[in-house]
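Data block below; observations after.
Protein chains: 2
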Amino acid sequence: MSNKNKKISLSEVAEAAGVSKMTASRVLRNEGGFSEQTRERVLAEVTRLGYLPNRLATVFSGDQKSTFIGVSIPDLGNEVFTHVLEGIDRKLCSFGHQTVLGMTQRAAGEEEKWIETVLAWQPAGLILTGRAHTNRSLQLLENAKIPVVEIWDLNSSPFDMCVGLNHFDSGYQMGRYLLTKGYTRLGYVGTSHDAANAAAARLNGFDRAIADGSASLKKQLLLKDVPGFYTGYYGIEQLLSGAPETEVVFFQNDNMAVGAIHFCEIQKISVPKDLGIAGWGELPIASVLPYRLTTMQVNHLRIGQIASEKLLMRINGDSARKVTDVGFRLIEGETV
Amino acid sequence: MSNKNKKISLSEVAEAAGVSKMTASRVLRNEGGFSEQTRERVLAEVTRLGYLPNRLATVFSGDQKSTFIGVSIPDLGNEVFTHVLEGIDRKLCSFGHQTVLGMTQRAAGEEEKWIETVLAWQPAGLILTGRAHTNRSLQLLENAKIPVVEIWDLNSSPFDMCVGLNHFDSGYQMGRYLLTKGYTRLGYVGTSHDAANAAAARLNGFDRAIADGSASLKKQLLLKDVPGFYTGYYGIEQLLSGAPETEVVFFQNDNMAVGAIHFCEIQKISVPKDLGIAGWGELPIASVLPYRLTTMQVNHLRIGQIASEKLLMRINGDSARKVTDVGFRLIEGETV
DNA sequence: TATCTCTACGTTACCGGTAACTCAATCCTT
DNA sequence: AAGGATTGAGTTACCGGTAACGTAGAGATA
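As they're listed, the protein sequences go chains A and B. Numbering of the first sequence is given in the working numbering, commencing with residue 192 and proceeding in unit increments. Numbering of the second sequence is given in the working numbering, commencing with residue 192 and proceeding in unit increments.
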């Protein structure tokens, strides 16, 4: 039945049906210009031979547009980005597009290499996490002439389009909030691993708020590890041993904050009486706590959905807003 | 500089360099048969024009093999599968392949549709989660003549290759373990949402162990929701209100188990004194607990890595074992 | 000097679809 | 009955690369 390693092409279907491949093509696209008899014969052969069209051919020849969308995210291990990716893929799928994944923050220059590879496949558009790109990356994007959405950190003058939130501002707001709570000796624990440098922007905002309020950032710790539960656990230990007078600590994300709370429980440090803890991102892990974690709410899924929507609009020739701010919301929990 | 919406092709590079496109092609592939002078002229034009090869053309013409790998996972919202996906993408990337993502378990028949779409792009191989496929899906895979790896649930006679663990056995072992701990009235809480039906297999195994031990499964609850923290929280509440005499509950995964423990804390139900709790999958969320959760350890990342390795071997013409069992390990925690 | 080989190219054909064009037979119109 | 429109096709060219083959000129060899 099936010839060795050779896929059935439209010509073979056409030949089997006794028509030219152009006629077969017309039948399959229901373009008209064929008789009912011919239609049935062609479709019968399609089924019998198990014919599947080769999208490579149509896209390559320029007759159809590609439906690939390249999506680069820093890290699947980071829960934050899997939510974003889920939002993206859901939306893209429902509009008949395919997500070509790239994890690009394991090594420097990885993004550039990935962009080059994926562009060679003629994608219809690109979604990139973060706003830092090499010059050559920008040149490649320029030449590609396809819509590009940068997500996560807001960029008032993006390469093309942008969806995210102002991480600096969210850090600043958290700083202001902690100051209004009466804290004067604040700490920060994060990692140097953050992909899009968004966490660094949050820290800068936090710093600025403290400077504006003339309090002091006693200690900031940047661990060389992934921003997870354990990093928070050991991070708080390390911070407190170096700066035991710290009154409140802002963490890179909720996972780390919850790790820190776990440490406090074991060490009988009362939260928030002895030490305040604030997280960022409103991750599911925080639901585990018997009280509400003070954190910053961000709608990750929505970032992905909006990014996809903008891209699809532009692919369809419509225009889309350059910058979309999804914002953030301070959750006044019970941990500060 | 850049012509409207038209990408630079090899012919244009060749023309600019004053050679035929064949010669330019030879230079780019470093195939030999050109002078140093010609090489320099061609490469200079490549840089100047920002030429990027069109992989669609070479793969389409059959001169090169595709480097796409289609990967279907049920749900990115389920942490378990993001770990598997991470393992897959890391390995594939490092061997120059691209992951084309598909989330296929939101609606029935979604997988079949996805397979058809992705096959049209001539992927080099496929990784599918789960072992249940429609007849037409199998027919499509048959015609495609590319390697396929089914992951997650073990299948002694897979379509092509298979990596995973025996979910039935893992449920059985958990059941046996709980019986040896002296429990006689056991419960189960899961969801009907489980993608690959692997959770159903675990429940069957659990059931069998209980039957073999002549204890009784008092109540099993299948919620119509995602298997997360909240589902566990409300699931245990519902189960206990219907069967308060239950002594121990096995959950579909750790997230649900931790949610249940949270409920117990609030209700002043002592774990494990008043109620035993067992999870499955050893997810990071369990690290939040001040004691070790009784659960089943599974190396998710490794499943993805092995699946990719087998696929890559077969793509390179080597043979690979049909079935790989990554196994599981009971973690005897402090919650039963 | 005639032939032979090697170098550095150029030419043609092909992959699998579709657009654009062509064309014969039939039907309709006045 | 002649001319025009419609129907149901077939033919050719093209997309961007590469394999396979062809070839002119230079240098080596007999």
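We treat Cβ as the ideally placed atom computed from N, Cα and C, and that holds for glycine. Note that the coordinates shown come from a computational prediction; the quantities given were computed from them, not determined experimentally.
Query raised in the report: For Gln255(B), is the classification buried or exposed, using 16 other Cβ atoms within 10 angstroms of its Cβ as the cut-off for buried?
Result: Exposed, since its Cβ has fewer than 16 Cβ neighbours within 10 Å.
**Report entry** Interface residues of chain A facing Val204(B) [CB-CB closer than 7 Å]
**Finding:** Within 7 Å Cβ-Cβ: nothing; Val204(B) doesn't reach chain A, min ~13 Å.
Query raised in the report: By Cβ distance, which residues of its chain are closer than 8 Å to Ser383(B), with the 5 residues on each side in sequence left out?
Result: Residues of the same chain with a CB within less than 8 Å of the CB of Ser383(B), apart from the 5 flanking positions on each side, are Leu413, Leu414 and Lys415 in chain order.
Query raised in the report: Given that a residue counts as buried once 16 or more other Cβ atoms are within 10 Å of its Cβ, and exposed if not, what is Thr273(B)?
Result: Flag for Thr273(B) reads buried.
Requested in this report: Please work out which residues of its chain come closer than 7 Å, Cβ to Cβ, to Glu307(B), disregarding the five sequence neighbours upstream and downstream, and give them in chain order.
Outcome: Closer than 7 Å at the Cβ level, and outside the excluded window around Glu307(B), lie Leu331.
**Report entry** Nearest-angstrom Cα separation, counted from Ile497(A) out to Arg399(A)
**Finding:** For Arg399(A) and Ile497(A), the gap between their C-alpha atoms comes out near 30 Å.
**Report entry** Rounded C-alpha distance that separates Met213(A) from Leu267(B)
**Finding:** Cα to Cα, Met213(A) sits roughly 42 Å from Leu267(B).
Query raised in the report: Tell me, which residues are paired with Ile494(A) by DSSP?
Result: The secondary-structure analysis by DSSP pairs Ile494(A) with nothing; it has no beta-bridge partner.
Query raised in the report: In chain order, what residues of the same chain lie with their CB nearer than 6 Å to the CB of Gln488(B), ignoring the 5 residues before and after it?
Result: Excluding sequence positions up to five before and after Gln488(B), its CB lies within less than 6 Å of the CB of Glu473, Arg520 and Ile522, all in the same chain and listed in chain order.
**Report entry** Three CB pairs or more closer than 8 Å across the region 255-265 of chain A and the region 468-483 of chain A
**Finding:** Contact between the region 255-265 of chain A and the region 468-483 of chain A is absent, because fewer than three Cβ pairs lie under 8 Å.
Report task. If I'm right that Lys409(B) touches Arg376(B) with Cβ under 8 Å, what's the distance once you round it to whole angstroms? Result -> Yes, Lys409(B) and Arg376(B) are in contact; Cβ-Cβ is about 5 Å, under 8 Å.
Query raised in the report: Under a CB-based cut-off of 9 Å, is Asp280(B) close to chain A?
Result: Yes, because at least one Cβ of chain A sits closer than 9 Å to the Cβ of Asp280(B).
Requested in this report: Could I get the ranges of all uninterrupted beta strand (DSSP E) runs contained in the region 356-396 of chain B, with 3 residues as the minimum, in chain order?
Outcome: Every unbroken stretch of the beta strand (DSSP E) spanning 3 or more residues and falling wholly within the region 356-396 of chain B is given here in chain order: 376-382.
Report task. Work out the CA separation of Ala451(B) and Glu525(A) for me, nearest whole Å. Result -> Taking C-alpha positions only, Glu525(A) is separated from Ala451(B) by approximately 22 Å.
Query raised in the report: Which runs of the alpha helix (DSSP H), 4 residues or longer, sit entirely within the region 242-302 of chain A?
Result: Counting only runs that start and end inside the region 242-302 of chain A, the alpha helix (DSSP H) elements of at least 4 residues fall at 246-251 and 270-285.
Query raised in the report: What separation, rounded to the nearest whole angstrom, lies between the Cα atoms of Arg493(A) and Gly278(A)?
Result: Approximately 6 Å, taken between the alpha carbons.
Query raised in the report: Per DSSP, Ala469(B) is paired with what?
Result: For Ala469(B), which the question treats as bridged, DSSP gives the partners Phe441(B) and Thr485(B).
Query raised in the report: Would you say His453(A) faces chain B, with C-beta separation under 9 Å as the test?
Result: So, interface residue.
Query raised in the report: Whole alpha helix (DSSP H) runs in the region 309-357 of chain A with 4 or more residues, listed along the chain?
Result: Taking only runs of at least 4 residues, the alpha helix (DSSP H) segments lying wholly in the region 309-357 of chain A are 326-335.
Query raised in the report: Hey, is Met447(A)'s beta-carbon within less than 9 Å of any beta-carbon in chain B?
Result: Among the CB atoms of chain B, none fall inside 9 Å of the CB of Met447(A).
Requested in this report: Count the CB pairs spanning the region 241-248 of chain A and the region 239-246 of chain B that are closer than 8 Å, and state whether there are at least three.
Outcome: No, because fewer than three Cβ pairs between the region 241-248 of chain A and the region 239-246 of chain B fall closer than 8 Å, the two stretches do not touch.
Query raised in the report: If contact means a Cβ-Cβ distance below 9 Å, which residues of the region 310-326 of chain A contact chain B?
Result: For the region 310-326 of chain A, the beta-carbon criterion of a distance under 9 Å to any beta-carbon of chain B is satisfied by Leu310, Ala311, Trp312 and Gln313.
Report task. Would you kindly report the start and end of the unbroken beta strand (DSSP E) that includes Gln411(A)? Result -> Per DSSP, Gln411(A) belongs to the beta strand (DSSP E) from Ser407 to Leu414.
Requested in this report: Count the other C-beta atoms from every protein chain shown that fall within 10 angstroms of the C-beta of Pro481(B), then say buried if there are 16 or more, exposed otherwise.
Outcome: Exposed, because fewer than 16 other Cβ atoms sit within 10 Å of the Cβ of Pro481(B).
Query - Cβ-based contacts, 7 Å cut-off: residues of the region 243-270 of chain A near chain B - result: For chain B, the residues of the region 243-270 of chain A that bring a beta carbon within less than 7 Å of one of its beta carbons are Leu243, Pro244, Asn245, Arg246, Leu247, Ala248, Val250, Phe251, Leu267 and Gly268, in chain order.
**Report entry** 8 Å contact criterion, which Thr515(A) and Val339(A) should meet: CB distance rounded
**Finding:** Incorrect: roughly 14 Å between the Cβ atoms, too far for contact.
**Report entry** Residue from Asn269(B), Gly366(B) and Ala205(B) whose Cα sits closest to the Cα of Ser407(B)
**Finding:** With distances taken between Cα atoms, Ser407(B) lies closest to Gly366(B).
Report task. Establish whether the CB of Lys535(B) and some CB of chain A are separated by less than 9 Å. Result -> What is shown of chain B runs 192 to 527, which leaves residue 535(B) out entirely.
Query raised in the report: When the distance is taken between beta carbons, is Val291(A) closer than 9 Å to Val275(A)?
Result: Going by C-beta atoms, Val275(A) is not nearer than 9 Å to Val291(A).
Requested in this report: Using 8 Å as the cut-off, classify the Cβ of Lys372(B) as near or not near the heavy atoms of the ligand NAD, replying yes or no.
Outcome: The ligand content of the structure shown is nil, which means the ligand NAD is not present either.
Requested in this report: Have a look at Ser285(A), Gln289(A), Cys284(A) and Gly293(A) and flag the residue whose alpha-carbon is nearest the alpha-carbon of Lys282(B).
Outcome: The candidate whose alpha carbon is nearest that of Lys282(B) is Gly293(A).
Query - Buried or exposed by the 16-neighbour rule on C-beta atoms within 10 Å, applied to Ile457(A) - result: Classification of Ile457(A): exposed, given that the 10 Å Cβ count is below 16.
**Report entry** Sheet register partners of Asp516(A) (DSSP bridge)
**Finding:** Beta bridge pairing from DSSP links Asp516(A) with Gly355(A).
Query raised in the report: Taking the alpha-carbon positions, what's the Gly508(A) to Gly316(A) distance?
Result: Between Gly508(A) and Gly316(A), the C-alpha separation is close to 12 Å.
**Report entry** Delimiting residues of the alpha helix (DSSP H) encompassing Lys212(B)
**Finding:** For Lys212(B), the enclosing alpha helix (DSSP H) has its first and last residue at Lys212 to Leu219.
Query raised in the report: Between Glu436(B) and Leu319(A), what straight-line distance do the alpha-carbon atoms span, to the nearest angstrom?
Result: A straight line joining the alpha-carbon of Glu436(B) with that of Leu319(A) spans about 53 Å.
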